[in-house]
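Residue numbering for the sequence shown follows my numbering, beginning at 1 and increasing consecutively.
Idealized CB from N, CA, C, for every residue including glycine.
Accompanying notes for the structure given below.
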Amino acid sequence: HKEEKAVLERYMPRLAGEAWASMKARYAFVPKNPVFLELYEGRQPFSIRTSGLPNIGIQGVCFGRVVAAMSPKSEPFNWGNVIWHELGHVFAIQQSKNHVPRWFTEGLSEYETIARRPEWQRELDPELYLSIKKGRLPGSVAMNRAFTHATNGADVSVAYYASSQMLVFTVESFGMSGVKKALELWGAGKRTPQVIQEAFGVSATEYDQKFRAWAMQRLSRYDKQYVFDERPPSLEEAEAKVKAKPNDASAHAELAFAMTVAHKKEAKAELDTALKLDPKNADANFLAAKVAAKDPAEVERRARVLVDNGHDGYDARMLLADAAEAKKDKAAMRHALESAHRFDSSRPDPLKGLLELAIEDKREGDILPLVRKFALLEQHDARVWRVYTEKLVQAKAWDELVTA
Numbered sequence: 001h002k003e004e005k006a007v008l009e010r011y012m013p014r015l016a017g018e019a020w021a022s023m024k025a026r027y028a029f030v031p032k033n034p035v036f037l038e039l040y041e042g043r044q045p046f047s048i049r050t051s052g053l054p055n056i057g058i059q060g061v062c063f064g065r066v067v068a069a070m071s072p073k074s075e076p077f078n079w080g081n082v083i084w085h086e087l088g089h090v091f092a093i094q095q096s097k098n099h100v101p102r103w104f105t106e107g108l109s110e111y112e113t114i115a116r117r118p119e120w121q122r123e124l125d126p127e128l129y130l131s132i133k134k135g136r137l138p139g140s141v142a143m144n145r146a147f148t149h150a151t152n153g154a155d156v157s158v159a160y161y162a163s164s165q166m167l168v169f170t171v172e173s174f175g176m177s178g179v180k181k182a183l184e185l186w187g188a189g190k191r192t193p194q195v196i197q198e199a200f201g202v203s204a205t206e207y208d209q210k211f212r213a214w215a216m217q218r219l220s221r222y223d224k225q226y227v228f229d230e231r232p233p234s235l236e237e238a239e240a241k242v243k244a245k246p247n248d249a250s251a252h253a254e255l256a257f258a259m260t261v262a263h264k265k266e267a268k269a270e271l272d273t274a275l276k277l278d279p280k281n282a283d284a285n286f287l288a289a290k291v292a293a294k295d296p297a298e299v300e301r302r303a304r305v306l307v308d309n310g311h312d313g314y315d316a317r318m319l320l321a322d323a324a325e326a327k328k329d330k331a332a333m334r335h336a337l338e339s340a341h342r343f344d345s346s347r348p349d350p351l352k353g354l355l356e357l358a359i360e361d362k363r364e365g366d367i368l369p370l371v372r373k374f375a376l377l378e379q380h381d382a383r384v385w386r387v388y389t390e391k392l393v394q395a396k397a398w399d400e401l402v403t404a
């Protein structure tokens, strides 16, 4: 938009030039010029221009030689993250002659942003852990299905994150030279199994096994804590499981969750059945706590059942934090949030709660250390970065301020 042109021209070409030079050197490849960057003042013109529909839920898209994105004035998001990601697609799409699989180019662009700045990455470790553990994540040959057969936005986010971690693993294991060779092999018309074998020296099956072992080692902190699976089974699948195992509390808890998501009034009866069959069942107690959200005593009781019966972890501690907040018990809330953060430092909610408490209690010495960690998990929230930079100015931490 002409009213935004002056400020965007001050920053956009410089960042794009840095991305271009970095990728050109690492891929040993120069895409065809010119490549156009188009930024739109609002979601509707951006959506119509890119898809023909008035509202698509993305901030940027690459067409090979055209990158279209929202302008940073239109919505709160990190425009640098998006532009760097989309320029990564220019290289992957052109170097592979438009034959790169969706998972590989998305993972590669996500890898590019992770390598550029530590906060430019997604935080979906528990979702990836459960996806691998429960066999929901396709292998490399079928990985495109994670995008094309996603049932909701959360599935798409997990597909992006899983792809990013597959490429982090790939670069660590086989180097950028292997990535470059894979793109060239796809460009030569070879199929994914052959590309993986020739570029990385392992079969697709071996690649998948190595990635899963690498990922599960990195995610091993979840092996020793309770993690609630927020992806419900289908109603039909859950009903069939209860029919096959009518005395299984976990099966009834799964059905209660599926019914809750489907807004079925029978959900409460299923949950009661699960708790009757096994009063200590983890999923049933977690769901019961969520159902009792307006009753802090009940939420705390259910959370204590989890903690006292070997199901401690981030989810249990966040329930305790919710109960303490409802009771206005700041000390208990702070303790629960700190425990949750220790169980899983990749999730932003505990840090957000601790930061709000520190600001409210005027504990100035705690604010900068907390907001420093929080900012790394909230790359699209300008408010967090504003507080971060203000505190750095107050601390006269000039070098860190320039980076932030």
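* Rank Lys2, Leu277, Gly80, Val66 by C-alpha distance to the C-alpha of Ser250 and give the top, closest one. => Ranking Lys2, Leu277, Gly80, Val66 by Cα distance to Ser250 puts Leu277 first.
* **Check: Ala215 C-beta below 8 Å from any heavy atom of the ligand ATP** => In the structure shown, the ligand ATP is absent, as is every other ligand, since no ligand is present at all.
* To do: Look at the alpha carbon of Val291 and the alpha carbon of Glu184, and state the distance between them as a whole number of angstroms.
  => Whole-angstrom Cα-Cα distance: 53 Å.
* **Residue burial classification, Arg363 (beta-carbon count within 10 angstroms, cutoff 16)** => exposed
* To do: Kindly provide the ranges of any beta strand (DSSP E) runs that are 3 or more residues long and lie completely inside the stretch 31-116, ordered along the chain.
  => 36-40, 60-62, 66-70
* Cut-off 7 Å between Cβ atoms - residues of its own chain near Glu239, not counting five sequence neighbours on either side -> Residues Leu255 of the same chain have their beta carbon placed closer than 7 Å to that of Glu239, with the five preceding and five following residues left out of the count.
* Pairwise C-alpha distance: Arg145 and Pro233 -> 18 Å
* Span separating the alpha-carbon of Pro407 from that of Leu368 -> Since the first residue shown for the chain is 1 and the last is 404, residue 407 is missing from the structure and cannot be characterised.
* **Exposure label - Lys396; buried when at least 16 CB within 10 Å** => exposed
* Asked: Which whole-angstrom value describes the C-beta separation of Ser131 and Val156, a residue pair presumed to lie in contact below a C-beta threshold of 8 Å?
  -> Their Cβ separation, rounded to whole angstroms, is 13 Å, which puts Ser131 and Val156 out of contact at 8 Å.
* When the Cβ atoms of the stretch 96-104 are set against those of the stretch 318-327, are three or more pairs found closer than 8 Å? -> no
* Asked: Nearest CA to the CA of Tyr111: which residue from Val179, Pro72, Val307, Ala150?
  -> Val179
* Asked: Helix, strand or coil: how does DSSP classify Met143 here?
  -> coil
* Locate the alpha helix (DSSP H) running through Val393, then write down its first and last residues. => 382-395
* **Close-in-space but distant-in-sequence residues of the same chain around Glu390 (CB under 6 Å, 5 per side omitted)** => Excluding sequence neighbours, Glu390 sits near nothing in its chain.
* Asked: Taking the alpha helix (DSSP H) that Lys330 falls in, what are its first and last residues?
  -> Counted as a single uninterrupted DSSP element, the alpha helix (DSSP H) harbouring Lys330 occupies residues 330-343.
* Among Gly52, Ile83, Val7, which has the Cα closest to the Cα of Val446? -> The structure shown has nothing for residue 446, since the chain only spans 1 to 404.
* To do: Compute the Euclidean distance between the alpha carbons of Val195 and Gln59, then round it to the nearest angstrom.
  => Those two C-alpha atoms are separated by around 31 Å.
* Asked: What are the complete alpha helix (DSSP H) segments, minimum 4 residues, inside the stretch 118-177?
  -> 125-133, 145-148
* To do: Look up Val202 in the DSSP assignment and say whether it is helix, strand or coil.
  => coil
* Check whether the stretch 8-15 touches the stretch 43-50, taking contact to mean three or more Cβ pairs, one atom from each stretch, closer than 8 Å. => no
* Asked: Taking three-plus beta-carbon pairs below 8 Å as touching, is the stretch 208-223 in contact with the stretch 113-123?
  -> Cβ pair count under 8 Å is below three, so no.
* To do: Just tell me which of Lys294, Ser96, Tyr40 has its CA closest to the CA of Ala182.
  => Ser96
* Asked: In whole angstroms, what is the alpha-carbon distance linking Trp385 and Ile359?
  -> 15 Å
* Taking the Cβ atom as the reference point for each residue, do Met318 and Leu357 lie within a distance shorter than 9 Å? -> no
* Mapping DSSP to helix, strand and coil, what is Arg218? -> helix
* Asked: Quick one, are the C-beta atoms of Val67 and Leu53 less than 9 Å apart?
  -> no
* Asked: In this structure, does DSSP put Leu255 in helix, strand or coil?
  -> helix
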